[in-house]
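Enquirer: Heads up: the protein sequence lines correspond to chains L and Y, in order. In this text, residue positions in the first sequence follow the numbering used here: the first is 32, and each later residue adds one. In this text, residue positions in the second sequence follow the numbering used here: the first is 54, and each later residue adds one. All residues carry an ideal CB built from backbone N, CA and C; glycine is no exception. Computed from a predicted structure; not experimentally measured. So that we are looking at the same thing, I have put the structure below in structure tokens.
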Amino acid sequence: MTAAAISARNLRKVYPGSPDVVALADASIDIQDNEFFTLLGPSGCGKTTLLRMIAGFEHPTSGTLTMHGEDLTNLPPYKRPVNTVFQSYALFPHLTVAQNIGFGLEMLGKPKDEIKKTVGEMMELVKMSQMADRQTGQISGGQQQRVALARALAPRPKVLLLDEPLSALDFKLRKDMQLELKRLQTETGITFIFVTHDQEEALTMSDRIAVMSAGTIRQIGGPRDIYDRPAERFVADFIGDTNFVPAQIAANTGNDAQVTLSSGKTVTAKMPEGAALTGKVTLAVRPEHASIGAEAAGLLPGRLSEIVYFGTDTHFHVALDDGTGFVVRSQNRPNETLPFSTGDRISVDFAPGVGQVLRD
Amino acid sequence: MTDSAPPASYATVAEKRASRVRWMLLAPALAVLLFAASGPLLITLVYSMLTPADYGGVIWEPTGDAWFNVFMQRDIFDDTLSWSSAHLSIFWRSVKLSLMTTVGCIIFGFPTAYFIATRPKQQRDMWMLLIIIPFWTNILIRTFAVVELIRNEGTINTLLMWTGLIDEPIQILFTEFSILVGMIYVYLPLMVLPLYASMERLDFSLVEAGYDLYATRMKVLRRIILPLVKPGVIAGSILVFVPSLGAYVTPRVMGGGNQLMIGNLIELQFGQGRNWPLGAALSITLLAIVMVALMAYVRTAGKEGPGHG
Ligand SMILES: Nc1ncnc2c1ncn2[C@@H]1O[C@H](COP(=O)(O)OP(=O)(O)O)[C@@H](O)[C@H]1O
Ligand SMILES: [Mg+2]
């Protein structure tokens, strides 16, 4: 296998102050060529810091950063084949749309006709051909976004960094741009490293996702891995909605385990990779993976406390007998009459292998 | 139709009152314009066309002598006419030194303003204060502080001789160079203030975007920072150039009386020279030079289109 496009080893960044801020705590990550890779995490978890280190704007306190096996540490930003789409776009206000897009190529000393040709192609690619001579202050937010994208893509970087590029756009535009970005990534074949705090955005667009929290990387995997097999409570909680069910390991068979629930019933659950867990654990169950039924039929008995209608689906809030809450989500069908009403004694059920044991 | 327009007289009364209020509000501004700007200028213009009295002041006899003397001189022996080389060389020195002062202030002021603008927010006011405090000090005192540094027995020469780098003091004081040093020092805050104001507003993510797009430090400076802070450079240049051209304290002290600038020449006519009309004519000439220079500067600086700064 060839060396990763970007490889970080124990990357650490401390901003001195009182007290010091550890923005990145020994993060290790490998990003392959041609990947749409997303850094996902709550605000302040160090996503921008990691991105800025790859771009060359910040120096690592310790650790190494390589690109295709070459050390990046002492390479200034203007020598790295990496371009950034800034969160604020950072378009040059004194230049036109076309001049902005051509800036990188011009700095690289490309011949004039080549610059002109590439700028034309790029404007075509982001559908901004009509706006070539506009000042950047005279175009809308969505258009500025496209120009910023074209400007960063024009020099054909090996890696494109995008720091929450869609966060300033309204909902509809954001949805369009998500698809657009994905298309651009496939068409250009450039490695994208995309930063967001929006889990849905990450799930929709990425080939792989790194979930970050407090300067550390908690889990790396494809969208399905991350959603279906969260390794720990933070990940399960941050991505999508999750029910946390207290349980006890009865038998551990490696990939799977038999767990006993508070009701005394036993069910098969998935184990996190490489974790030798015993005793009390927490089980994560997605609301859409559970169902409700007659009191004696299911795994966890309780009382139906609330029914919330959402159009596409209905949420059943259940007060379990062990004192915890549980939400079941079920898709609505036409002409359906609900078999239960608020206050009924019922039970929550889920199939073997649906629950995920968490490493706390 | 039952409702009709109010009677004509009614409207006129309201209009009259409105116009009276307008004039009253304008009065202070008009007074300032009349008494502080146009008035003195008019007096100067009139004086420049009168005959000098023996002990200063003017005699009300119109003559073009003063204006003649600004530019021309008549040989005292054979009455031949020639350009007034003494005056012209003083004009030339003034323009030259003022331009050099302006350029010098940009060279020293730009990095200074950039340094301050890139400090953490809570430190910037302190740095600006350090720039402004000298400005609150009397100009004579500031000028003599520079004299103390560069005179033959001053700090710099003493240090250089003590280290053995030179055997005899270097003559810096009383040269054009010393005038330049003094003026740059005195007028530097006038450059730093507007430069800082425009740099503080500069979005430094644009600088990062420049580096990101393969621009070296020089390229970022020329292609991004300079065009964006150009208004500050223009404002600073005007603020420095205009008073430099009319300066007389600094050239007097640093030039020792043998390197005159226009300001000194004018001062001389109203003092020892006792030739008020000539002084007045010279003042108007100075004003004309300033206006021509400013128009030329603003035109060229403003014409450079975006992206070519
Ligand atoms: N220049 C800086 N100086 C001091 N602390 C900083 C600086 N930049 C970021 N931080 C801190 O580092 C942490 C991570 O920041 P950042 O990487 O911007 O997070 P994110 O992009 O995930 O929101 C935060 O606690 C932030 O306050
Ligand atoms: Mg951020």
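(1) Helix, strand or coil for residue 156/Y? Go by DSSP, reduced to three states.
(2) Sort 175/Y, 188/Y, 330/Y, 203/Y by Cα distance to residue 101/Y and report the nearest one.
(3) Any idea what DSSP makes of residue 249/L, helix, strand or coil?
(4) Around the Cβ of residue 322/Y, are there at least 16 other Cβ atoms within 10 angstroms (buried) or fewer (exposed)?
(5) Compare the beta carbon distance of residue 347/L and residue 331/L with 8 Å and say whether it is the shorter of the two.
(6) Whose C-beta lies closer than 6 Å to the C-beta of residue 213/L among residues of the same chain, with five residues either side of it excluded?
(7) If you follow the alpha helix (DSSP H) that residue 138/L is part of, which residue opens it and which one closes it?
(8) How would you list, in chain order, the residues of chain Y whose beta-carbon sits under 9 Å from the beta-carbon of residue 109/L?
(9) Using DSSP with H/G/I as helix, E/B as strand and the rest coil, what is residue 143/L?
(10) Just curious, the alpha helix (DSSP H) that residue 209/L is in, first and last residue?
(11) Let me check you understand the geometry: is the CB of residue 44/L closer than 7 Å to at least one non-hydrogen atom of ligand 2?
(12) Would the beta-carbon of residue 337/L fall within 8 Å of that of residue 376/L?
(13) Quick one: list the residues of chain Y neighbouring residue 114/L, beta-carbon separation under 8 Å, in chain order.
(14) Please give the ranges of any alpha helix (DSSP H) in the stretch 167-226 of chain Y, keeping only runs that are unbroken, at least 4 residues long and fully inside the region.
(15) Apart from the five residues on each side of it in sequence, which residues of its chain come closer than 8 Å, Cβ to Cβ, to residue 193/Y?
(16) Would you mind reading off the limits of the beta strand (DSSP E) that contains residue 135/Y?
(17) Which runs of the beta strand (DSSP E) fall wholly inside the stretch 339-382 of chain L and span at least 3 residues, in chain order?
(18) Does the count of Cβ pairs from the stretch 241-252 of chain Y and the stretch 156-170 of chain Y closer than 8 Å reach three?
(19) From the beta carbon of residue 251/Y, is the nearest beta carbon of chain L less than 8 Å away?
(20) How would you write the range of the alpha helix (DSSP H) that residue 91/L sits in, first residue to last?
(21) Distance check for residue 176/Y and residue 286/L, CA to CA, integer angstroms please.
(22) With DSSP run on the structure shown, which of helix, strand or coil describes residue 346/Y?
(23) Whole angstroms are fine: how far does the CA of residue 246/L sit from the CA of residue 36/L?
(24) Can you give me the Cβ contacts of residue 252/Y inside the same chain, cut-off strictly under 7 Å, excluding the 5 residues immediately before and after it?
(25) Since residue 387/L and residue 314/L are thought to touch, with beta carbons under 8 Å apart, how far apart are those beta carbons, to the nearest angstrom?
(26) Does the Cβ of residue 155/L lie closer than 7 Å to at least one heavy atom of ligand 2?
(27) Listed by chain order, which residues have C-beta atoms less than 5 Å from any heavy atom of ligand 1?
(28) What in chain L is Cβ-close to residue 280/Y, meaning under 7 Å?
(29) Can you confirm whether residue 139/L, when its beta carbon is compared against all beta carbons of chain Y, has any partner nearer than 8 Å?
(30) Just grab the DSSP bridge partners of residue 115/L for me.
(31) Taking the continuous beta strand (DSSP E) assigned at residue 239/L, which residues delimit it?
(32) Give the residues from the stretch 74-87 of chain L that approach chain Y closer than 9 Å (Cβ to any Cβ), ordered along the chain.
(33) Can you pull the chain L neighbours of residue 258/Y, defined as C-beta to C-beta under 7 Å?
(34) Taking 6 Å as the limit between beta carbons, can you name the residues of its chain near residue 235/Y, skipping five residues before and five after?
(35) What is the residue span of the alpha helix (DSSP H) that residue 124/Y lies within?
(36) Could you give the residue range of the beta strand (DSSP E) that holds residue 275/L?
Expert: In this structure, then:
(1) Helix, per DSSP.
(2) Cα-wise, what sits closest to residue 101/Y is 330/Y.
(3) It is a strand residue.
(4) Residue 322/Y should be labelled buried.
(5) No, they are not a contact pair.
(6) Answer for residue 213/L: 236, listed in chain order.
(7) Note, residue 138/L: alpha helix (DSSP H), 128-138.
(8) Counting only Cβ-Cβ distances below 9 Å, residue 109/L has contacts in chain Y at 263, 264, 265, 266, 267, 268, 269, 270, 272, 273, in chain order.
(9) Three-state DSSP puts residue 143/L in a helix.
(10) Unbroken alpha helix (DSSP H) run through residue 209/L: 202-219.
(11) Result no, Cβ not under 7 Å from ligand 2.
(12) Using a Cβ distance threshold of 8 Å, residue 337/L and residue 376/L do not count as a contacting pair.
(13) Under the 8 Å cutoff, chain Y gives 265, 266.
(14) Listed in chain order, the complete alpha helix (DSSP H) runs (minimum 4 residues) inside the stretch 167-226 of chain Y are 174-185, 192-203, 208-215.
(15) Hits under 8 Å: 302, 306.
(16) Where residue 135/Y is concerned, the enclosing beta strand (DSSP E) stretches over 134-136.
(17) If we require 3 residues or more, the beta strand (DSSP E) runs fully inside the stretch 339-382 of chain L come out as 344-351, 356-362, 376-381.
(18) In short, these stretches touch, since the Cβ pair count reaches three.
(19) Not closer than 8 Å to any Cβ of chain L, the Cβ of residue 251/Y fails to qualify, so no.
(20) First-last for residue 91/L: undefined, no H or E at that position.
(21) Their Cα atoms are separated by approximately 58 Å.
(22) Reduced to three states, the DSSP call for residue 346/Y is helix.
(23) Answer to the nearest angstrom: the Cα atoms are 22 Å apart.
(24) Excluding residues within five positions, the ones whose Cβ falls inside 7 Å are 166, 167, 170, 282, 285.
(25) About 7 Å separates the two Cβ atoms, so the contact holds.
(26) Residue 155/L Cβ: outside cutoff for every heavy atom of ligand 2.
(27) Those satisfying the condition are, in chain order, 46/L, 52/L, 54/L, 74/L, 75/L, 76/L, 77/L, 78/L, 79/L, 80/L.
(28) Here the neighbours are 125.
(29) Yes, contact with chain Y.
(30) In DSSP, residue 115/L forms a bridge with 192/L.
(31) For residue 239/L, the uninterrupted beta strand (DSSP E) run begins and ends at 239-244, by DSSP.
(32) Going along the stretch 74-87 of chain L in chain order, one finds 83, 86, 87 with a Cβ nearer than 9 Å to chain Y.
(33) Under the 7 Å cutoff, chain L gives 117, 119, 121.
(34) Residues of the same chain with a CB within less than 6 Å of the CB of residue 235/Y, apart from the 5 flanking positions on each side, are 196, 199, 303, 307 in chain order.
(35) Residues 118-124.
(36) Counting along the chain, the unbroken beta strand (DSSP E) around residue 275/L starts and ends at 274-283.
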